[in-house]
């Protein structure tokens with residue numbers, strides 16, 4: 001095959017390039033293995049796969065051969081490496097406390113539009129919200145429990161104590177990963193797939209579950225306090241002849257009732273705060289700096305949505321109106337990600353994380369929020385996948401141009 005003439009006009013500088021014959025194992029050893037020590041020291045490592053549909057993103061991140069370890073995608077290969085390291089730590093830890101046993105927590109979800117879908121919990125829809133703590137939260141549908149308790153579960157975390165555990169949950173999540181029509185692929189992913197692999201212990205998972213339980217107890221108590229306040233306030237008001245609310249001379253607001261409801265609310269809020277502190281204490285007293293370390297792999301939606309319709313000469317399949325809307329959102333997400341990485345590389349004072357649901361979700365991972373010695377530390381890598389087909393020359397050029405910006409300002 002003759003070299004693309006486009007390469008004469010454009011020059012790109014990247015950390016490393018791989019031939020078409022390179023295996024996933026080769027990519028793992030060069031790209032992933034060097035950043036796993038950060039994960040094992042409590043930090044966060046992010047890996048993005050970007051490219052045109054059919055260029056090999058999912059093959060690289062996920063892989064298709066789950067039977068032969070040498071053919072694993074980057075996620076499985078990393079899980080195997082981390083589990084081996086955690087197994088060694090478990091053997092070297094002289095304790096009979098099973099709650100301190102280390103393993104991996106797996107979270108898998110896909111982002112479509114302004115929503116997330118939990119691939120490890122029946123593909124339930126989750127809402128993306130920024131909380132009062134400034135963090136982005138992914139919450140599922142509200143569950144009404146006994147005694148008025150209300151539970152809103154976060155994205156499911158599956159505990160994996162062996163590679164077999166990990167593989168079983170991993171396959172289950174992949175089976176729920178949505179596909180659709182793109183301009184070049186009749187079964188191309190229409191979503192961004194996010195895979196989070198975290199160093200966890202039984203104690204940490206139990207402490208986090210306790211927070212969810214305490215929050216469910218707090219909701220009806222807080223609602224009751226609000227209802228009491230509104231009831232007493234409205235009883236203390238009456239409409240005058242003009243229709244305006246004025247103090248009701250015949251009713252005295254029962255401040256004691258309000259105070260009692262508020263005191264109970266404060267009591268249950270304290271239970272929530274105690275549960276949160278328990279999580280922090282588990283992280284602090286674990287004796288393992290790895291606890292909370294994360295590897296986050298993001299299989300970005302096909303980059304053809306980010307570029308115009310002339311990026312390929314392959315016969316196009318007409319997308320449905322719904323898929324056209326999804327394509328516009330993907331375009332917005334990829335542009336927002338580009339701007340975030342550009343700002344981080346330039347050490348900008350303001351990083352536009354709120355520009356899209358994708359960058360909102362990734363904010364915590366970019367900033368690093370683990371609990372080990374590398375708390376607050378994170379590193380990121382981007383893998384660009386391109387096709388050798390001449391008909392994809394324009395798409396290849398666009399992918400390289402998109403990926404180049406991350407290195408113009410240095411590390412991000």
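Numbering (UniProt numbering), first residue to last: 1 to 412. Where a beta carbon is used, it is the ideal one built from N, C-alpha and C, also for glycine.
DSSP on residue i, reduced to helix/strand/coil?
i	result
residue 122	coil
residue 117	strand
residue 94	coil
residue 240	coil
residue 251	coil
residue 394	helix
residue 413	Residue 413 falls outside the range modelled here, since the chain spans only 1 to 412, and no answer is possible.
residue 69	helix
residue 53	coil
residue 14	coil
residue 199	strand
residue 245	strand
residue 347	coil
residue 144	strand
residue 41	coil
residue 134	coil
residue 176	coil
residue 109	strand
residue 417	Because residue 417 is not part of the residues shown, which for the chain are 1 to 412, the question remains open.
residue 289	coil
residue 389	coil
residue 314	Caution is warranted here: a pLDDT of 47 is assigned to residue 314, below 50, making its placement in the model unreliable, and the coordinate value is therefore given only provisionally. If DSSP states are grouped into helix, strand and coil, residue 314 belongs with coil.
Using 10 angstroms around the beta-carbon of residue i, count the other beta-carbons present and answer buried if the total reaches 16, otherwise exposed.
i	result
residue 266	exposed
residue 275	buried
residue 284	exposed
residue 34	exposed
residue 185	Only weak support is given to the placement of residue 185: the predicted model assigns it a pLDDT of 44, under 50, and the value that follows is read from those uncertain coordinates. It counts as buried.
residue 111	buried
residue 109	buried
residue 348	exposed
residue 320	exposed
residue 391	exposed
residue 326	buried
Short of 7 angstroms in beta carbon distance, which residues of its chain neighbour residue i, apart from the five on each side in sequence? Order them along the chain.
i	result
residue 202	98, 99 and 101
residue 63	24, 71, 72, 73 and 76
residue 363	136 and 353
residue 151	143, 145, 212 and 216
residue 297	47, 61, 74, 75 and 195
residue 301	189, 190, 191, 192 and 330
residue 51	57, 303, 384, 385, 386 and 399
residue 258	228, 229 and 232
In whole angstroms, give me the CA-to-CA distance for residue i and residue j.
i	j	result
residue 324	residue 330	10 angstroms
residue 141	residue 20	44 angstroms
residue 251	residue 242	20 angstroms
residue 195	residue 94	32 angstroms
residue 268	residue 214	8 angstroms
residue 81	residue 105	14 angstroms
residue 288	residue 395	45 angstroms
residue 445	residue 260	With the chain covering only 1 through 412, there is no way to say anything about residue 445.
residue 247	residue 237	5 angstroms
residue 230	residue 322	43 angstroms
residue 204	residue 161	14 angstroms
residue 415	residue 254	It is not possible to answer for residue 415, since the shown part of the chain is limited to 1 through 412.
residue 168	residue 159	11 angstroms
residue 367	residue 107	19 angstroms
residue 87	residue 28	20 angstroms
residue 148	residue 84	44 angstroms
residue 372	residue 280	Note that residue 372 scores a pLDDT of 48, beneath 50, so its modelled location is shaky; the value from the coordinates is reported in the next line. Cα-Cα distance, rounded: 11 angstroms.
residue 343	residue 351	6 angstroms
residue 53	residue 59	11 angstroms
residue 393	residue 199	41 angstroms
residue 103	residue 219	32 angstroms
residue 206	residue 134	24 angstroms
residue 244	residue 232	18 angstroms
residue 164	residue 234	60 angstroms
residue 139	residue 127	5 angstroms
residue 18	residue 30	10 angstroms
residue 338	residue 67	36 angstroms
residue 197	residue 378	14 angstroms
Report yes or no: is there a C-beta of chain B within less than 8 angstroms of the C-beta of residue i?
i	result
residue 379	The question asks about chain B, but that chain is absent: this structure has only one protein chain.
Looking only at its chain, what residues have a beta carbon closer than 6 angstroms to the beta carbon of residue i, apart from the 5 residues adjacent to it on each side?
i	result
residue 262	225
residue 333	356 and 358
residue 402	none
residue 365	44, 46 and 296
residue 222	265
residue 32	74 and 78
residue 180	Because the pLDDT of residue 180 is 48, which lies under 50, any placement of that residue in the model is unreliable, and the number read from its coordinates should be weighed accordingly. Cβ within range, chain order: 190 and 323.
Measuring from the CB of residue i, is there a heavy atom of the ligand SAH at a distance below 7 angstroms?
i	result
residue 65	Questions concerning the ligand SAH fall outside what the structure shown contains, since it holds no ligand whatsoever.
Apart from the five residues on each side of it in sequence, which residues of its chain come closer than 8 angstroms, Cβ to Cβ, to residue i?
i	result
residue 65	71 and 72
Is the number of C-beta pairs between the segment 148-165 and the segment 111-130 that are closer than 8 angstroms three or more? Touching, per the Cβ criterion.
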